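Reading through the structure tokens given below for one structure.
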Amino acid sequence: EEKNLFLDIGGGYGGLSRVLKNFYNTSTCVIVELPELCLLSSFFLKSNFPNKKIGTFDDFQKIERISSEDLKKFDFVILPQFFMKKFNDQIFDLIINTTSLGEMTDQMQDYYLNNIERCTKKYFYSVNRAEKRVEKYNSRGFYDFRLKKKWRSILYKFTHTYHIEFLGKRVD
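Numbered by my numbering, the letters in the sequence shown go through residues 143 to 314 in order.
In structure tokens, the structure reads:
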């Protein structure tokens, strides 16, 4: 019944946010994605939830620091990746990333990991490749993510796709 804030980094067309909204109807699902995919997410979610309010670039472009109150005005918020740095500290109850961190350059991984640790209030869920895979991607795997804060591991296991599934609770 709480109005939680979920952030899906690399949320693609919005499939996971659609499922989360069905289970957590009062919550706000935020997607941070490449600009060209933001359009696809917006279309998909509006098609599935025609009566829900969707915030986009136009709603947030003039806001310097985005607060939880700004986000909670919407059912969904879809923004390009450079908006990560605009979110206030510790506002998301859950930040999710499935596979895309392991496909980013080291510089982009650092950008996202720093912002994940800054913006997470409670939990971080990740499903990413365990190790660097030079033949396909030249970026660090989960074992080499540069997390600076302490996380209590609630879930840590290999998936059937040989990725590491991790659910961590922020420890301050």
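Virtual Cβ for every residue (Gly too), placed ideally from N, Cα, C. What you are looking at is a predicted structure, and each value in this text was computed from that prediction instead of being measured.
C-alpha of N146 to C-alpha of E211: approximately 11 angstroms in a straight line.
In this structure the region 238 to 257 does not touch the region 196 to 209; the number of beta carbon pairs closer than 8 angstroms is below three. The residues Y155, G156, G157 and R160, in chain order, have a CB closer than 8 angstroms to that of F186 in the same chain once the five nearest residues on each side in sequence are set aside. Only residues of its own chain outside the window of five on either side were considered, and among them E259 have a CB closer than 7 angstroms to the CB of K290, listed in chain order. For a cut-off of 8 angstroms, the C-beta gap from L149 to I208 is around 11 angstroms, too long to register as a contact.
For K163, the CB contacts under 6 angstroms within the same chain, skipping 5 residues up- and downstream, are C171 in chain order. For K311, same chain residues with a beta-carbon under 7 angstroms away, outside a window of 5 residues either side, are K264, Y265, W293, R294 and I296 in chain order. A distance below 6 angstroms between beta-carbons, with the five flanking residues on each side excluded, links S268 to the following residues of its chain, in chain order: N239 and F308.
Annotation: Y166 to D235 spans about 12 angstroms, alpha carbon to alpha carbon. Residue pairing by DSSP places F266 opposite I237 and G310 in a beta bridge.
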